[in-house]
Amino acid sequence: MPNEMTADLHTHTNCSDGTDTPQQLLAKAKVAGLTTLGLTDHDTAAGWDEAALNVPAGMRILPGAEFSTKHPAPDGTLVSVHLLGYLFDRNNAEIVAEWERMSSERSNRGTRIVENLIDADYPITLDRVREIAGRTNIGRPHIARALVEAGSVDSVGEAFDGLLNDEGAHYVALQSLSLENGIRMIDAAGGVPIIAHPRARAASSLLTEEVLESLTKHGLKGIEVRHPDHDDAARTELTGIAIDLGLIQTGSSDYHGENKVLQLGQERTPDDVVEQIVALGCTAPFTKQ
Ligand code: AMP
Ligand code: ZN
Ligand code: FE
Ligand code: FE
């Protein structure tokens, strides 16, 4: 049987900063012809139960999350790194505590960014941003949509490039756990830690082969090689690193519904790689009930 590419292992729902409910996302994944979907909302497993109840026939879900972590640059500044974890025990005490901390951190920080923008006379309101965020904490994509609605920017992308940029005057950083501790935490909870989009944004220059090699000693199992933010040169380089270090290579869309311009399933992971991840994780994938 040929090794097909029918898995998209990195997606978001409205349990974090995507716009589809878990049920809607699964229905779209089925239409897109995917057989495996990784459910990876930011710092939460809130979508797992709804996903488990709504798995379409012939599909399986890898429950997971995208953990917010930081890693120090050579000059000591802390740089944001996103870490995917799959098939871990979501009742693990360390993960539960970290997510409680992160949820309150996100809630304060989202409010502060909105207040900074209001103080600078951007015509948005906290109530409207809360409404857009719906069932989850305010994140920058929600603020970006409020700024589009208010006519302050033309698109979510433009808001990220300017007003909401990490370097911008209105930005407030999130306090996150270290990348090493994140990897150890997921590993200890029986999960499979894989670094998300290592060649996107600021983390790019930081995650050298040497750094990635040292992270394998803490339990790192893979890197996301194919991602919409990676150009061909990045994919070639990361493929080489993954082969050198014996790391799993994944490909995923990082779908966010209406909050990002991309197609579910536009980047994929080969089925045999999915089998490797399933074999390493302590939680079974969700299948149709
Ligand atoms: P936050 O968690 O509030 O710091 O917001 C970061 C989130 O915004 C990440 O999950 C990204 O997926 C998303 N994001 C980053 N850049 C963009 C962009 N240009 N357009 C849309 N979403 C973005
Ligand atoms: Zn996101
Ligand atoms: Fe990310
Ligand atoms: Fe993501």
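Heads up: the sequence shown begins at 10 in the working numbering, then just goes up one per residue.
Virtual Cβ for every residue (Gly too), placed ideally from N, Cα, C.
Note that this is a predicted model, so its numbers are computed, not measured.
DSSP places residue 191 in the uninterrupted alpha helix (DSSP H) bounded by 188-197.
The beta carbon of residue 205 lies closer than 7 Å to those of 19, 75, 91, 92, 93, 233 in the same chain, with the five residues before and after it left out.
With a beta-carbon spacing of about 7 Å, residue 23 and residue 145 fall inside the 8 Å limit used to define contacts. In the DSSP annotation of this structure, the continuous segment of the alpha helix (DSSP H) that includes residue 169 starts and ends at 165-170. For residue 248, the three-state secondary structure derived from DSSP is helix. Here residue 147 is buried: its Cβ has 16 or more other Cβ atoms, across all protein chains shown, within 10 Å. About 27 Å separates the Cβ atoms of residue 173 and residue 203, ruling out a contact at the 8 Å cut-off.
The bridge partners DSSP lists for residue 92 are 76, 204.
Non-local C-beta neighbours of residue 296 in its own chain, meaning closer than 7 Å and more than five positions away in sequence, comprise 64, 69, ordered along the chain.
Taken from the Cβ of residue 128, every heavy atom of ligand 1 lies 7 Å or farther away.
According to the DSSP secondary-structure assignment, residue 131 is paired through a beta bridge with no residue. Shown here, residue 87 sits in a strand according to DSSP, grouped into three states. A contact is defined here as three or more CB-CB pairs under 8 Å, and the segment 45-60 fails this definition with respect to the segment 153-165. Contact annotation: residue 285 and residue 257 have beta-carbon atoms nearer than 8 Å. The beta carbon of residue 188 sits closer than 6 Å to those of 78, 80, 90, all from its chain and outside the five residues before and after it, given in chain order.
Taking all protein chains in view, the Cβ of residue 276 is crowded by 16 or more other Cβ atoms within 10 Å, so the residue is classified as buried. Per the C-alpha coordinates, the member of 194, 150, 126, 222 positioned closest to residue 249 is 222.
DSSP, reduced to helix, strand and coil, places residue 279 outside both helices and strands of the structure shown, so it counts as coil. Per DSSP, the beta-bridge partners of residue 233 are 259.
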